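Asker: First residue of the sequence shown? That's -16 in my numbering, and the numbers climb one at a time after it.
Virtual Cβ for every residue (Gly too), placed ideally from N, Cα, C.
Quick caveat: nothing in here was measured; it's all calculated off a predicted structure.
Take a look at this one; I'll ask things after.
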Amino acid sequence: MTAQIVKPGEIKGTSEGQSGGRSYINLSTTGDTSFRTIRNFTFQSSRKLFWSHNNVIIFGEDLAKEGLEKYIDFFLRDPEVRRTVWILIAKGPAGTILEADPTLEKIPASDIGKLIEDRKVTSQVAGVNLHEFASRLFSKTTAPVAPLIDITEENKQKIAKIIGTAVFKKGQMVGTLNQSETRGLLWVLDEVGSGIIVVNAPKSGEKVSLEIIRSSTKIIPEIKNGTLHITIEIKEEGNLGEQMAPEDLTDPILFSSLEKRQAEAIKKEVLSAWEKARQYNTDIFGFGEAVHKKYPKQWEEIEDEWDDYFPEIKLSLEVEAKLRRSGMTTKPPIQE
-16 MTAQIVKPGE
-6 IKGTSEGQSG
4 GRSYINLSTT
14 GDTSFRTIRN
24 FTFQSSRKLF
34 WSHNNVIIFG
44 EDLAKEGLEK
54 YIDFFLRDPE
64 VRRTVWILIA
74 KGPAGTILEA
84 DPTLEKIPAS
94 DIGKLIEDRK
104 VTSQVAGVNL
114 HEFASRLFSK
124 TTAPVAPLID
134 ITEENKQKIA
144 KIIGTAVFKK
154 GQMVGTLNQS
164 ETRGLLWVLD
174 EVGSGIIVVN
184 APKSGEKVSL
194 EIIRSSTKII
204 PEIKNGTLHI
214 TIEIKEEGNL
224 GEQMAPEDLT
234 DPILFSSLEK
244 RQAEAIKKEV
254 LSAWEKARQY
264 NTDIFGFGEA
274 VHKKYPKQWE
284 EIEDEWDDYF
294 PEIKLSLEVE
304 AKLRRSGMTT
314 KPPIQE
């Protein structure tokens, strides 16, 4: 286990502290249980770790593939640990993520926490706290997910980046979603706040950026002739944010065409996430919970066989996309 600890004497002043040193220190130790390992930090640190100050808990990829149930128990049981702390999965060993160079914050762990907090700007990051992860872990049907983080090197700096989403089945990591597939998942979970959808202009084929302003989603389960149908209704509103095309996209016909292309782009993201979920046979959408609420008696019959029912679901997707505004200008500064 690696813990990133603030150095009080260095935290004030410049981003590297008043004396030019780092504002934090990374300490590593081992043990045969999580709790004992945590207490072993006192052999190296003069101060006992205070978990109410913790920003993120990062599990390594190998540990996630082995299964997190027995390793997460301490964090759920200890009264100091906040249930709102963010859960992440590292691409590789967890400790390497804390070796990232701080960017806007003085502490790398604070930078990572901000990456999750600002997720709704793109809606391509699944923000999952300890409470949400545990709730899915305890569920018999809804599978846990968590953001996947990695270190990349840019201009001789180690930068921590969210690269996708880790997908679990019964506590074990079984696969990943990329950023587009992650937003497909978030559409279904009704957790898309903002973001940019890029489509091609109707005439020229040049790129057009459409900003997501708001959205809402409904999951409607139905059982017909013994077959489970799930209808997903998504309503989205957006604005024309940028165009590289020469045509006047505020023309009603072209504007309507952009709305259709926006709806198709949303469908593509959702269906790509659905295909991954079927591939892993893991219910990351919470379809089982929706069926349970609407058909409690029938649910008792299929609950134990949900793994057989889930990949056979007949999925219908209805997307209504509307563009409201075109910004401060109507025609682009481009000669046709």
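Would you identify the three-state DSSP class for Ala77, choosing helix, strand or coil?
Answerer: Ala77 falls in the helix class under three-state DSSP.
Asker: Determine the contact status of Ile206 and Gln281, defining contact as a CB-CB distance below 8 Å.
Answerer: Taking 8 Å as the Cβ cut-off, Ile206 and Gln281 qualify as a contacting pair.
Asker: Take every Cβ of the stretch 49 to 66, pair it with every Cβ of the stretch 86 to 98, and state whether three or more of those distances are shorter than 8 Å.
Answerer: Too few Cβ pairs lie closer than 8 Å, so no.
Asker: Buried or exposed for Gln1, please, with buried defined as at least 16 other CB atoms from any protein chain shown within 10 angstroms of its CB.
Answerer: Low local confidence applies: a pLDDT of 49 at Gln1 is under 50, so the model's placement there is unreliable, and no value is given.
Asker: I'd like to know whether the C-beta atoms of Asn23 and Thr16 end up nearer to each other than 8 Å.
Answerer: No, the pair does not count as a contact, with Cβ atoms beyond the cut-off.
Asker: Tell me, to the nearest whole angstrom, how far the beta carbon of Asn38 is from that of Val64; I am working on the premise that it is less than 8 Å.
Answerer: Incorrect: roughly 12 Å between the Cβ atoms, too far for contact.
Asker: Just to confirm before moving on: does the CB-CB distance between Glu219 and Ile195 stay below 8 Å?
Answerer: Cβ distance < 8 Å, so Glu219 and Ile195 count as in contact.
Asker: Would you grab the beta carbon distance between Ile267 and Val150 for me? Rounded to a whole angstrom, and I think it's under 8 Å.
Answerer: So it is a contact: roughly 6 Å between Cβ atoms.
Asker: With a threshold of 8 Å, are at least 3 pairs of Cβ atoms found where one atom belongs to the stretch 168 to 177 and the other to the stretch 265 to 279?
Answerer: Flag = yes, the stretch 168 to 177 and the stretch 265 to 279 touch.
Asker: Can you name the start and end residues of the alpha helix (DSSP H) that Gly271 belongs to?
Answerer: Start and end: 270 to 277.
Asker: With a threshold of 8 Å on Cβ separation, who are the neighbours of Lys321 within its own chain once the five nearest residues in sequence on each side are excluded?
Answerer: Residue 321 lies beyond the stretch modelled for the chain, which goes from -16 to 319, so this question has no answer here.
Asker: If you follow the alpha helix (DSSP H) that Arg22 is in, where does it begin and where does it stop?
Answerer: 17 to 22 is the extent of the alpha helix (DSSP H) around Arg22.
Asker: By how many angstroms is the C-alpha of Gly209 removed from the C-alpha of Ser35?
Answerer: Each residue's Cα considered, the two are about 49 Å apart.
Asker: Let's test the definition: count the other Cβ atoms within 10 Å of the Cβ of Val104 and tell me whether it reaches 16, buried, or not, exposed.
Answerer: So Val104 ends up on the exposed side.
Asker: With distances taken between CB atoms, is the gap from Ser308 to Asn222 smaller than 8 Å?
Answerer: First, the residue type needs correcting, since residue 308 is Arg and not Ser in the sequence shown. Closer than 8 Å, so yes.
Asker: When the Cα atoms are used, what is the spatial distance from Ser240 to Glu252?
Answerer: So the alpha carbons of these two residues sit roughly 19 Å apart.
Asker: Taking only three categories from DSSP, how would you classify Leu327?
Answerer: For residue 327 there is no data in the structure shown, the boundaries of the chain being -16 and 319.
Asker: Using 8 Å as the threshold, is the C-beta distance between Ile142 and Lys74 below it?
Answerer: No, these two residues do not count as a Cβ contact at 8 Å.
Asker: Looking at the structure shown, is Gln27 part of a helix, part of a strand, or coil, going by DSSP?
Answerer: Here Gln27 sits in coil by DSSP.
Asker: Helix, strand or coil: how does DSSP classify Glu44 here?
Answerer: Helix, per DSSP.
Asker: Quick one: grab the DSSP three-state call for Gly(-8).
Answerer: Three-state DSSP puts Gly(-8) in coil, outside helix and strand.
Asker: For Ile296, tell me which candidate among Glu283, Ala260, Glu247 has the shortest Cα-Cα distance.
Answerer: Considering only alpha carbons, the answer is Ala260.
Asker: DSSP on Pro294, reduced to helix/strand/coil?
Answerer: Helix, per DSSP.
Asker: I'd like the span of the alpha helix (DSSP H) that includes Gly96, first residue to last.
Answerer: Taken as a continuous stretch (DSSP letters only), the alpha helix (DSSP H) holding Gly96 covers 91 to 100.
Asker: For Leu322 and Ala(-14), which I take to be in contact (beta-carbon distance under 8 Å), what is that distance rounded to the nearest angstrom?
Answerer: Given that the chain is displayed from residue -16 to residue 319, the structure contains no residue 322 and the question cannot be resolved.
Asker: So for Gly345, helix, strand or coil by DSSP?
Answerer: Residue 345 falls outside the range modelled here, since the chain spans only -16 to 319, and no answer is possible.
Asker: Determine whether the beta carbon atoms of Leu298 and Ile202 lie at a separation below 8 Å.
Answerer: Cβ distance not < 8 Å, so Leu298 and Ile202 don't count as in contact.
Asker: Closest to Asn161 by C-alpha separation, out of Ile21, Lys144, Ala228, Ile217, would be which residue?
Answerer: Cα-wise, what sits closest to Asn161 is Lys144.
Asker: Whose C-beta lies closer than 6 Å to the C-beta of Gln27 among residues of the same chain, with five residues either side of it excluded?
Answerer: Cβ neighbours of Gln27 beyond the five flanking positions: Leu10.
Asker: Please state whether DSSP places Gln140 in a helix, a strand or coil.
Answerer: In the structure shown, Gln140 sits in a strand (DSSP, three-state: E or B).
Asker: When the Cα of Phe42 is compared with those of Pro62, Ala129, Phe18, which residue comes out closest?
Answerer: Ranking Pro62, Ala129, Phe18 by Cα distance to Phe42 puts Ala129 first.
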